[in-house]
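Right, one structure below, let's go through it.
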Amino acid sequence: MVTLTRYGCLSILCLMLLMTACGSNDSGSVSGVQNSGIGTGCDSPLPMEVQQHTVTSNLPNSYDQARTDDATEFDTTTFFVSVFLPERCPGDRFPVVIESHGYSGSRDSTPDDDGAVDPQKEHFPAIDELFAGLSHHGYVGVSYEQRGHGGSIPDNGGGYARVIDPEAETQDGIALLDWIYANADSLQVETENSGIASDFTVGLIGYSYGGGFQFPLALLDERIDAIVPNGTWHSLINSLVPGDAVKNSFVGLLCLLADTGGVVNTPAVARMCELLGYDNPDANTIRTRADLIDALNLDGFSEDEVIELFNRHVRHFQLRAAAAEPWCTPGDTGCTSSGEPFVTHPIPFLLLQGNRDVLFNMTEAYWNWSFFNQIAGGNAQVSVLTTEGGHMNPLANQVEGSANCGQLIGVDLVKAWFDFHLKGEDSAAYQSIPKVCISVADTEDAHTAAPAGLLLNDFPVGSQAAPGGLPARVDSMSVDVPTTTTDFVFAPVVTITGDNKILAGIPSMESITVTDTDADGPLDVTAVAYFGVGVQRGGDMILVDDQVTALVEGTHTANPNLENSHYLLAGVGERLQDGDQVGLVFYQRHVQYSAVVNPNTVGGATGLVGSVGGTELPPVLSAADPVTGALNPPNPYQVDAVGVEIPIIDLVRHPDAILSQ
Numbered sequence: 000m001v002t003l004t005r006y007g008c009l010s011i012l013c014l015m016l017l018m019t020a021c022g023s024n025d026s027g028s029v030s031g032v033q034n035s036g037i038g039t040g041c042d043s044p045l046p047m048e049v050q051q052h053t054v055t056s057n058l059p060n061s062y063d064q065a066r067t068d069d070a071t072e073f074d075t076t077t078f079f080v081s082v083f084l085p086e087r088c089p090g091d092r093f094p095v096v097i098e099s100h101g102y103s104g105s106r107d108s109t110p111d112d113d114g115a116v117d118p119q120k121e122h123f124p125a126i127d128e129l130f131a132g133l134s135h136h137g138y139v140g141v142s143y144e145q146r147g148h149g150g151s152i153p154d155n156g157g158g159y160a161r162v163i164d165p166e167a168e169t170q171d172g173i174a175l176l177d178w179i180y181a182n183a184d185s186l187q188v189e190t191e192n193s194g195i196a197s198d199f200t201v202g203l204i205g206y207s208y209g210g211g212f213q214f215p216l217a218l219l220d221e222r223i224d225a226i227v228p229n230g231t232w233h234s235l236i237n238s239l240v241p242g243d244a245v246k247n248s249f250v251g252l253l254c255l256l257a258d259t260g261g262v263v264n265t266p267a268v269a270r271m272c273e274l275l276g277y278d279n280p281d282a283n284t285i286r287t288r289a290d291l292i293d294a295l296n297l298d299g300f301s302e303d304e305v306i307e308l309f310n311r312h313v314r315h316f317q318l319r320a321a322a323a324e325p326w327c328t329p330g331d332t333g334c335t336s337s338g339e340p341f342v343t344h345p346i347p348f349l350l351l352q353g354n355r356d357v358l359f360n361m362t363e364a365y366w367n368w369s370f371f372n373q374i375a376g377g378n379a380q381v382s383v384l385t386t387e388g389g390h391m392n393p394l395a396n397q398v399e400g401s402a403n404c405g406q407l408i409g410v411d412l413v414k415a416w417f418d419f420h421l422k423g424e425d426s427a428a429y430q431s432i433p434k435v436c437i438s439v440a441d442t443e444d445a446h447t448a449a450p451a452g453l454l455l456n457d458f459p460v461g462s463q464a465a466p467g468g469l470p471a472r473v474d475s476m477s478v479d480v481p482t483t484t485t486d487f488v489f490a491p492v493v494t495i496t497g498d499n500k501i502l503a504g505i506p507s508m509e510s511i512t513v514t515d516t517d518a519d520g521p522l523d524v525t526a527v528a529y530f531g532v533g534v535q536r537g538g539d540m541i542l543v544d545d546q547v548t549a550l551v552e553g554t555h556t557a558n559p560n561l562e563n564s565h566y567l568l569a570g571v572g573e574r575l576q577d578g579d580q581v582g583l584v585f586y587q588r589h590v591q592y593s594a595v596v597n598p599n600t601v602g603g604a605t606g607l608v609g610s611v612g613g614t615e616l617p618p619v620l621s622a623a624d625p626v627t628g629a630l631n632p633p634n635p636y637q638v639d640a641v642g643v644e645i646p647i648i649d650l651v652r653h654p655d656a657i658l659s660q
């Protein structure tokens, strides 16, 4: 493992100089990730190639034998692997970068032609292209298919997808690490004498599902030297059912992706997709966690069984470490714990997350950053950059932007991160990586808006009253959203005076109560508040970064499923203007929480053709569309909130914030 010490640039002058070096186009720049010649130490180097392999994990492919087909149940799980080998001489040894795919995806088997990446390419496709070109830069790339995906399905001896179960998918990942080490000589992999068994130099990359696999693998296997998750989650139950309200739109899209991509899900997830998928005309009646659990209970799936699948990721390990408990129950299938308390270890961590990602928002990144920063003791090996890319919802007219934060080119920084932590190569690009960069490009047409990023040494949460912050708090707020509301209700928190004010970070509340104002009326539905940070600018209302938070009726002093202090909304970033009113905007219903509809079920209405994560979808509609609006039940409610706070930076007075644009 590389042990060089990184000296982060803490001064404004140093950061500005390094940003300039990173963003330039002279011969010293790596902007866009350029080819760096290798394999020149002999007369006849072997050419770059991609090899195809299978790896077998000694764990069953099904953890639900009573509910699956006996003909597709095995005591082992086989998955498919592509190995990208660089041009090489006999004595060369290379570090490894392991990639895995998004949900419904498959392994990457096609090398990039030249190892260069367009710095303006959309975020997720840019990460794919970066990985496919790493063999041009002196890395062995390994891409593998997780259970239930691609060719790694039960009919081929593969498994059922269990949503990155640390006792299933993660154990497959450990088997892959063992396989790479066992074949290190033939693959010309650089091994290490670190005191860790079967160690070699290795980093992880991937987005969405391929970001989620990295956390448990790195936490459970100390061979991992660096990780670069993109657009992924902290607690998947919170992502899919935030505030105990089902994120119907994106859950429906994910289930449609499963059908399109041929994912073979474990039975509980498969049934959930039947309930929330676009072929179920009643999907929009499942609006809350309780609704979903009740529906699954009817089919024999217990709440504990369902929640376990979606709640055993970063948050799970965080809680086990805090409680000094084993990460799993010894004796369970796939549990490798000896029964000793789970102990974390530092992991160099560079996370890229989309501001407008409406599946995994900025607050998920904040929770992950906070946890890994704590593990690292606050040193400079944990960084987060937010971008204008990620999971875009075509039903909300979202278009994905690049992997950049202001003038910081995401793919360059990812490569610099691996070069440093896997090769020991320092660079201006690596030194320009801040602790935090929050994209503050304009929400309107963000994918083409002028890039802007706010560089910080910490992650702003709530009102920023310290030097350099603009206090933005109201002690109490009461908002009524009646059935007659067809647009929104706005509740201001602060009016902006002058320029150089930037909204960036995580809004918070001390407590919030949602009350059903039709409890005695004819409507028999649970009230759900839908709200986000809004900016009233003249006659226009801007829903910042398209982010909507949902919360079921009741009183809450923390995010359901997370138990953190205060209630945290989805994080946002936006440059403000003189006269802007910043506050919260409330909706009776919203497209992000309305079911996906098959046009054929509503009289053959014309559907929208779009894509998610590069996968083309069949025509779909939203239950929020005027054509299908009757599918959305009326949802009147009242909100009473205490201690509403919004993070706003005064760029002129802040001691270390820098605007990169």
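Just so it is clear: in the sequence shown, position 48 is 47 by numbering that gives the first Met the number 0, and no numbers are missing.
Just so you know, even glycine gets a beta-carbon here, dropped at the ideal spot from N, CA and C.
Residue environment, His315, which counts as buried when at least 16 other CB atoms sit within 10 Å
Buried, because 16 or more other Cβ atoms sit within 10 Å of the Cβ of His315.
Inspect the beta-carbon positions of Met508 and Gly642 and report whether they are closer than 8 Å.
Yes, they are a contact pair.
Pair within 8 Å by beta-carbon distance, Ile647 and Gln463:
Closer than 8 Å, so yes.
Report the option in Pro165, Gly376, Arg222 and Gly172 whose CA atom is closest to the CA atom of Asn192.
For Asn192, the nearest C-alpha among the options comes from Arg222.
How many Å lie between Ala160 and Leu216 at the Cα?
Their Cα atoms are separated by approximately 16 Å.
Given Val383, which residues of its chain have a CB within under 6 Å of its CB, disregarding the five upstream and five downstream residues?
Answer for Val383: Leu350, Ala364, Trp368 and Val435, listed in chain order.
Extent of the continuous alpha helix (DSSP H) to which Cys254 belongs:
Taken as a continuous stretch (DSSP letters only), the alpha helix (DSSP H) holding Cys254 covers Asn247 to Gly260.
Buried or exposed, going by whether 16 or more other CB atoms sit within 10 Å of the CB of Cys664?
Nothing about residue 664 can be reported from this structure: the residues present for the chain run from 0 to 660 only.
Ignore the nearest five residues each way along the sequence and tell me which others in Gly533's own chain have a CB closer than 8 Å to its CB.
So the list reads Phe487, Phe489, Met540, Ile541, Leu542, Val543, Val581, Gly582, Leu583 and Val584, once near-sequence residues are dropped.
Option in Leu186, Thr76, Gly570 and Gln187 with minimal Cα separation from Glu644:
Looking only at Leu186, Thr76, Gly570 and Gln187, the smallest Cα-Cα distance to Glu644 is reached by Gly570.
Nearest-angstrom Cα separation, counted from Thr485 out to Arg588
Inter-residue distance for Arg588 and Thr485 is about 9 Å (C-alpha atoms, whole angstroms).
Where do the N-terminal and C-terminal ends of the alpha helix (DSSP H) with Lys434 fall, by residue?
Lys434 -> no alpha helix (DSSP H), and no H or E assigned at all.
Pairing CB atoms from the segment 163 to 177 with CB atoms from the segment 57 to 64, are three or more of them under 8 Å?
With a cut-off of 8 Å, the segment 57 to 64 and the segment 163 to 177 count as touching, because enough Cβ pairs lie within range.
Can you tell which of Thr385, Gly388, Ala471 and Lys500 has its C-alpha closest to the C-alpha of Gln576?
That would be Lys500, whose Cα lies nearest to the Cα of Gln576.
For Ala20, name the three-state secondary structure that DSSP assigns.
Because Ala20 carries a pLDDT of 35, less than 50, the predicted location of this residue cannot be relied on, and the following value inherits that uncertainty. In the structure shown, Ala20 sits in a helix (DSSP, three-state: H, G or I).
Given a cut-off of 8 Å on the beta-carbon distance, is the pair Asn663 and Gln119 in contact?
Because the chain spans 0 through 660 in this model, residue 663 falls outside it and cannot be assessed.
From what residue to what residue does the alpha helix (DSSP H) around Glu552 run?
Unbroken run through Glu552: none, as it is neither H nor E.
Would you call the segment 333 to 341 in contact with the segment 302 to 311, where contact means no fewer than 3 C-beta pairs closer than 8 Å?
In short, these stretches do not touch, since the Cβ pair count stays below three.
For Ser564: DSSP bridge partner residues
According to DSSP, which records beta bridges pairwise, Ser564 is partnered with nothing at all.
Host alpha helix (DSSP H) of Arg270 (start-end):
Run containing Arg270: Pro266 to Leu275, per the alpha helix (DSSP H) assignment.
Please report the distance separating the alpha-carbon of Pro633 from that of Thr482.
Taking the straight line from one Cα to the other gives about 6 Å.
DSSP state of Ala65 mapped onto helix, strand, coil
In the three-state reduction of the DSSP assignment, Ala65 falls in the helix class, which pools H, G and I.
Helix, strand or coil: how does DSSP classify Ser659 here?
Strand, per DSSP.
Could you check what DSSP says for Ile664 in three-state terms: helix, strand or coil?
No statement about residue 664 is possible, as the shown extent of the chain runs from 0 to 660 and does not include it.
Quick check on the burial criterion: 16 or more other C-beta atoms within 10 angstroms. Buried or exposed for Ala181?
With a 10 Å radius around the Cβ and a threshold of 16 neighbouring Cβ atoms, Ala181 comes out exposed.
Proximity to Gln187 [Cα-Cα], best of Asp639, Ala70, Ser134 and Leu235:
Comparing alpha-carbon positions, the option among Asp639, Ala70, Ser134 and Leu235 lying closest to Gln187 turns out to be Ser134.
For Gly405, is the classification buried or exposed, using 16 other Cβ atoms within 10 angstroms of its Cβ as the cut-off for buried?
By the 16-neighbour rule on beta-carbons within 10 angstroms, Gly405 is buried.
Is the separation between the beta-carbon of Phe130 and that of Val96 shorter than 8 Å?
Yes, the Cβ-Cβ distance between Phe130 and Val96 is below 8 Å.
According to the Cβ coordinates, are Leu407 and Ser659 closer than 8 Å?
Closer than 8 Å, so yes.
Assess contact between the segment 200 to 217 and the segment 236 to 251, defined as three or more Cβ pairs (one per stretch) separated by less than 8 Å. Is contact present?
Under the 8 Å Cβ criterion, the segment 200 to 217 does not count as touching the segment 236 to 251, having fewer than three qualifying pairs.
Is DSSP giving Asn396 helix, strand or coil here?
The three-state reading of DSSP puts Asn396 in coil, since its state is none of H, G, I, E or B.
State the start and end residues of the unbroken alpha helix (DSSP H) segment that holds Asp474.
Going by DSSP, Asp474 is part of no alpha helix (DSSP H) but of the beta strand (DSSP E) stretching over Arg472 to Val480.
Ala115 (DSSP reduced to helix, strand or coil):
It is coil, neither helix nor strand.
Look at Leu453 and Asp649 and say whether their C-beta atoms are less than 8 Å apart.
In this structure, Leu453 lies away from Asp649, with their beta-carbon atoms at least 8 Å apart.
Between the alpha carbons of Val651 and Pro459, how many angstroms are there, rounded?
Distance between the alpha carbons of Val651 and Pro459 is about 16 Å.
Taking a contact to mean a Cβ-Cβ separation below 8 Å, would you say Ile511 touches Ala402 in this structure?
No, Cβ-Cβ distance for Ile511 and Ala402 is not below 8 Å.
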